[in-house]
Amino acid sequence: MKIGLFTDSLTTSFPEALDWVVEQGIEAVEIGTGNFSPAAHCNLDELLDSEGARTAFSSAIEGRGLMLSALNCNGNLLDPHPARGQASQDVFFKTVELAHRLGLDTIVTMSGCPGDPSGTHYPNWPTHPQQPEYAELERWQWDEVITPFWEKAGRFAADHGVRVAIELHPGQSAYNTRTMLRLREIAGPSVGVNLDPSHFFYQGMDPLIVIPALGEGFIFHVHAKDTRIDPTEMALNGGLDMRPMELVAERAWAYRTLGYGHGEGWWRDFVSALRVAGYDGALSIEHEDPVMSAAEGIIKSVQFLEPLILRTMPE
């Protein structure tokens, strides 16, 4: 395993960001290409159009002794707004193509969340079966939108020799183990998981149970991000919390730097479970902690992970 970083949290130029990453002892980088990512360190169209640009991009990473773990195009690929949806899908397919041209085998994205048959321009995320309209909406979304897109996307990725790592995220159609297994059945073996435990905690999921349930070879990439649960607020209002993320003192949960939500013992179990499941790639730190700066959070995360990460295989 290697300690990695999703570089979106760094606001400096690409060379400056890479230099800083090396100084912190980080060994792998994950680069955003667009959609939810500002793509500050990647000009997607330029890299697709120019072999020279691709060579310079790869050399900047490899010349510093770093590994490129994945390209990230997280977004709503099934956004029902015509312009937003098409733009998100364009970034996805271009990202797969760029990974292929770079000789990279993994990209990270999300499943997407459609709207409804009325033609709304807003995503509609059904999560409760008791009203029959929601069950019908879920059926329509999977049959009419999710399945056609992901059959095509899965074939496209497979044809390009690229694995698509889906981040299981609330507000997206694949957000837990069951929905991910359903998506994989549709899309095929080129689609697996970007395992980010931070999204599981506030759903009441246990990453240490999810990992073996997914099985060997299903986890393509990993985000290292923690979540702290406020037990009182969780007991009062539950984990479905629409209050702004920066209102940490009010919310039931908050994304935190590694170790500020779950302790060292839990993270030892986490990396061990990943090893047992056959994962030996990057643990890509994703900084979204509203309590501390990106630099401080990343440095603390590296220091936290270093003694826990499993670097060598048993003899």
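Read in order, the letters of the sequence shown are residues 22 to 336 in our numbering. Cβ coordinates follow ideal geometry from the N, Cα and C atoms, glycine included.
What are the partner residues of T127, as DSSP defines its beta bridges?
When DSSP reads this structure, T127 sits in a beta bridge with R184.
Roughly how many angstroms lie between the CA atoms of A303 and K23, to the nearest whole one?
When only Cα atoms are considered, A303 and K23 end up about 5 Å apart.
Pick helix, strand or coil for F222, following the three-state DSSP scheme.
The three-state secondary structure of F222, taken from DSSP, is helix.
Alpha-carbon spacing of G225 relative to W274, whole angstroms:
In this structure, the alpha-carbon of G225 lies about 12 Å from that of W274.
First and last residue of the uninterrupted alpha helix (DSSP H) at N93:
Taken as a continuous stretch (DSSP letters only), N93 belongs to no alpha helix (DSSP H), being part of the beta strand (DSSP E) at 88-93.
Since V231 and F221 are thought to touch, with beta carbons under 8 Å apart, how far apart are those beta carbons, to the nearest angstrom?
Right, their Cβ atoms sit about 6 Å apart.
If you follow the alpha helix (DSSP H) that G53 is in, where does it begin and where does it stop?
For G53, no alpha helix (DSSP H) run applies; the uninterrupted beta strand (DSSP E) run containing it begins and ends at 49-53, by DSSP.
So, are the CB atoms of Q193 and M266 less than 8 Å apart?
It is not a contact, given that the beta carbons lie outside the stated cut-off.
Got a sec, what are the start and stop residues for the beta strand (DSSP E) T333 sits in?
It is not in any beta strand (DSSP E) - T333 carries neither H nor E in the DSSP assignment.
Can you give the beta carbon distance from A91 to E51, rounded, assuming they're within the 8 Å contact cut?
Yes, they are in contact, since the Cβ atoms of A91 and E51 sit about 5 Å apart, within 8 Å.
What does the alpha-carbon distance come out to for the pair A298 and G280?
A direct Cα-to-Cα measurement between A298 and G280 gives close to 23 Å.
Which runs of the beta strand (DSSP E), 3 residues or longer, sit entirely within the stretch 231-300?
Listed in chain order, the beta strand (DSSP E) elements of length 3 or more contained wholly in the stretch 231-300 are 240-245, 247-250, 274-277.
Extent of the continuous beta strand (DSSP E) to which A303 belongs
It spans 303-306 - the beta strand (DSSP E) in which A303 sits, taken as one unbroken run.
N-terminal and C-terminal residue of the alpha helix (DSSP H) that Q207 is part of
Sequence inspection shows Ile at residue 207; the Gln mentioned does not correspond to that position. Unbroken alpha helix (DSSP H) run through I207: 198-208.
Can you tell me whether Q162 is buried or exposed, with buried defined as 16 or more other CB within 10 angstroms of its CB?
By the neighbour-count rule (16 or more Cβ atoms within 10 Å), Q162 is buried.
Opening and closing residue of the alpha helix (DSSP H) in which G318 lies
Residue range 315-326 is occupied by the alpha helix (DSSP H) that includes G318.
Taking the beta carbon of L204 as the centre, do at least 16 other beta carbons fall within 10 Å, making it buried, or is it exposed?
Burial of L204 is indicated by the presence of at least 16 other C-beta atoms within 10 angstroms of its C-beta.
What residue does the alpha helix (DSSP H) around L31 start on, and which one ends it?
Segment: none, L31 is in no alpha helix (DSSP H) and carries neither H nor E.
Which of the three DSSP states, helix, strand or coil, is assigned to F113?
If DSSP states are grouped into helix, strand and coil, F113 belongs with the helices.
Per DSSP, what kind of secondary structure is L26 in: helix, strand or coil?
Collapsing the DSSP output to three states places L26 in a strand.
So, with DSSP's three-state summary, where would you put V212?
The answer is strand: DSSP assigns V212 an E or B state.
Going by DSSP in three states, E309 sits in which element: helix, strand or coil?
Coil, per DSSP.
Which value, in whole angstroms, describes the spacing of the CA atoms of F114 and N56?
Cα-Cα distance, rounded: 12 Å.
Between the alpha carbons of D137 and L99, how many angstroms are there, rounded?
Taking the straight line joining both Cα atoms gives about 11 Å.
Counting along the chain, where does the alpha helix (DSSP H) carrying V42 start and finish?
Counted as a single uninterrupted DSSP element, the alpha helix (DSSP H) harbouring V42 occupies residues 35-44.
Quick one: grab the DSSP three-state call for F78.
The answer is helix: DSSP assigns F78 an H, G or I state.
Using DSSP with H/G/I as helix, E/B as strand and the rest coil, what is F57?
Of the three classes helix, strand and coil, the one that applies to F57 here is coil, per DSSP.
Given R296, which residues of its chain have a CB within under 7 Å of its CB, disregarding the five upstream and five downstream residues?
So the list reads L331, once near-sequence residues are dropped.
C-alpha distance - E206 paired with V292, whole-angstrom precision:
Rounded to whole angstroms, E206 to V292 spans 27 Å at the Cα level.
Can you give me the start and stop residues for the alpha helix (DSSP H) that Y155 sits inside?
Under the DSSP assignment, Y155 falls in the alpha helix (DSSP H) whose first and last residues are 153-161.
Give me the Cβ distance between I47 and V323, rounded to the nearest whole Å; I'm assuming they're in contact under 8 Å.
The pair is a contact, with the Cβ atoms about 6 Å apart (cut-off 8 Å).
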